[in-house]
Amino acid sequence: MDSQLPGSEALDLVESPCTKVCVLGRDQICIGCGRSVEEISNWGQADAQRRREICHSARTRKLAKGDLY
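What follows is the structure, encoded as structure tokens:
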């Protein structure tokens, strides 16, 4: 039996943190969204849990640099 309810896939959608400012810094982190090159390239195949982890990491990076208000 499937544990997902019909239509529950929409609840697992995680919006991309992309800000359309796609420029890598010297540390290979996007200055727009805060994701690493690896995280950006893996986004399309990542499940909802991994996407949430990526978003958390990106936000943490941007906060550490003072880039998030």
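So the number in this note's numbering is just where the residue sits in the sequence shown, counting from 1, plus 466. Even for Gly, the Cβ is constructed at its ideal location relative to N, Cα and C.
Ser-502 has Ile-495 as its beta-bridge partners, per DSSP. Of the candidates Gln-511, Cys-499, Asn-508 and Gly-510, Cys-499 places its Cα closest to the Cα of Leu-529. Leaving aside the five residues that flank Cys-521 on each side, the residues in its chain whose CB is nearer than 7 Å to its CB run, in chain order, Val-480 and Pro-483.
By the neighbour-count definition (other C-beta atoms within 10 Å, threshold 16), Glu-504 is an exposed residue.
In the structure shown, the three-state DSSP call for Leu-479 is coil. Asp-478 has its alpha-carbon roughly 26 Å from the corresponding atom of Ile-497.
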